[in-house]
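Trainee:
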Amino acid sequence: DISVVIQKEQLGLGHAILQARNSLGSQPFAVLLPDDLILSDEPTIGAMCSVSEQTEGMVVAIRQVGEESIPNLGIVDLGKDYGSTVEILGMIEKPSLESAPSDMAIIGRYILPDQIFENIQNTPPGSLGEIQLTDSMTSLLKTTDCTGYRFPGTHFDVGTPLGMLEASLHIGIARHGFDFKPSNFERNEDHL
Numbered sequence: 394d395i396s397v398v399i400q401k402e403q404l405g406l407g408h409a410i411l412q413a414r415n416s417l418g419s420q421p422f423a424v425l426l427p428d429d430l431i432l433s434d435e436p437t438i439g440a441m442c443s444v445s446e447q448t449e450g451m452v453v454a455i456r457q458v459g460e461e462s463i464p465n466l467g468i469v470d471l472g473k474d475y476g477s478t479v480e481i482l483g484m485i486e487k488p489s490l491e492s493a494p495s496d497m498a499i500i501g502r503y504i505l506p507d508q509i510f511e512n513i514q515n516t517p518p519g520s521l522g523e524i525q526l527t528d529s530m531t532s533l534l535k536t537t538d539c540t541g542y543r544f545p546g547t548h549f550d551v552g553t554p555l556g557m558l559e560a561s562l563h564i565g566i567a568r569h570g571f572d573f574k575p576s577n578f579e580r581n582e583d584h585l
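In this note's numbering, the protein residues as written are 394 to 585.
This is how it looks when you write it as structure tokens:
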């Protein structure tokens, strides 16, 4: 089932998820952030559900990011590596480059157990006065395992104008078989 619940105040992702508590009951659930577009032949959330059934813990989609992105994302501390999955030992929201435990970021897909709700309720507001999901998940890591899933495919951050443009070009080119090369575009000063 798909349910829609409105977050009336923007108080962070953790707070947004807490608004859905009454609709979800005591079963694990998926969170898909709409500004993270993943194009893949294998549905990412379906693969994550399979991982969740095997591990019975939290599962997050992860990918390697450049240094410039680290201070803007939730970054994970990696444990044992199993190929497409990896043990998550910890996570930190928007760390400095110096305090980042790795260059692997959480990318907008989560499978969470119902225990997360109590952790969210007990998580004080973090950066920008928001209740961060990452902080609540870090607290839950004391009693629940977390697995990172390295998803196949291409990721676009469509929450930015450039990311939206990149995704649109990628999809358009793939659908229509265009031979896209940035060098095919000429800079026209009259249109700037």
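For every residue, glycine included, the Cβ atom is placed at its ideal position computed from N, Cα and C. From a predicted model like this one, the values you see are computed outputs, not experimental measurements.
Helix, strand or coil: how does DSSP classify Val458 here?
Mentor: Coil, per DSSP.
Trainee: From what residue to what residue does the beta strand (DSSP E) around Ile463 run?
Mentor: Element bounds for Ile463: n/a, residue is neither H nor E.
Trainee: Starting from Asp528, trace the alpha helix (DSSP H) both ways and give me its first and last residue.
Mentor: Note, Asp528: alpha helix (DSSP H), 526-533.
Trainee: Relative to the C-alpha of Met507, which residue among Ser492, Ser529, Thr437, Leu562 is closest?
Mentor: The residue asked about is misnamed: residue 507 is Asp in this sequence, not Met. When each option's Cα is compared against that of Asp507, the closest is Ser529.
Trainee: Roughly how many whole angstroms lie between the Cα atoms of Thr531 and Gln457?
Mentor: Each residue's Cα considered, the two are about 20 Å apart.
Trainee: Closer than 8 Å by C-beta to Leu490: which residues in its own chain qualify, once you throw out the five before and the five after it? Chain order, please.
Mentor: Closer than 8 Å at the Cβ level, and outside the excluded window around Leu490, lie Glu460, Ile463, Pro464.
Trainee: Please list, in chain order, all residues of the same chain as Ser419 whose beta carbon is under 7 Å from its beta carbon, the five residues on each side excluded.
Mentor: These residues qualify, in order along the chain: Asp507.
Trainee: May I ask you to verify whether the segment 534-550 touches the segment 479-497, counting CB pairs closer than 8 Å and requiring at least 3?
Mentor: These segments touch.
Trainee: Can you name the start and end residues of the beta strand (DSSP E) that Val479 belongs to?
Mentor: 478-486 is the span of the beta strand (DSSP E), which, as asked, contains Val479.
Trainee: Skipping 5 residues on each side, what residues in its chain have a beta carbon closer than 7 Å to that of Gly556?
Mentor: Excluding positions up to five away in sequence, the list reads Phe549, Asp550.
Trainee: Measuring alpha carbon to alpha carbon, tell me which residue in Leu411, Ile395, Ala498 is nearest Glu402.
Mentor: Among Leu411, Ile395, Ala498, the Cα nearest to that of Glu402 is on Leu411.
Trainee: Taking the runs of the alpha helix (DSSP H) that are 4 residues or longer, which of them lie wholly in the segment 415-453?
Mentor: Those alpha helix (DSSP H) runs which fall completely within the segment 415-453 and span 4+ residues are 437-448.
Trainee: DSSP three-state label for Leu490, please.
Mentor: Three-state result, Leu490: coil.
Trainee: Would DSSP call Phe510 helix, strand or coil?
Mentor: Helix, per DSSP.
Trainee: Taking only the alpha-carbon atoms, compute the straight-line gap between Gly476 and Pro545 and give it to the nearest angstrom.
Mentor: Taking the straight line joining both Cα atoms gives about 12 Å.
Trainee: With H, G and I counted as helix, E and B as strand and the rest as coil, what does DSSP make of Ile395?
Mentor: Of the three classes helix, strand and coil, the one that applies to Ile395 here is coil, per DSSP.
Trainee: Using the C-alpha atoms, what's the distance from Ile566 back to Asn415?
Mentor: Spanning the two alpha carbons is a distance of roughly 43 Å.
Trainee: Residue range of the beta strand (DSSP E) that Gly519 falls in?
Mentor: Unbroken run through Gly519: none, as it is neither H nor E.
Trainee: Can you tell me whether Asn515 is buried or exposed, with buried defined as 16 or more other CB within 10 angstroms of its CB?
Mentor: Exposed is the call here.
Trainee: Met497 and Ile438: beta carbons closer than 8 Å?
Mentor: Not a contact, by the Cβ cut-off of 8 Å.
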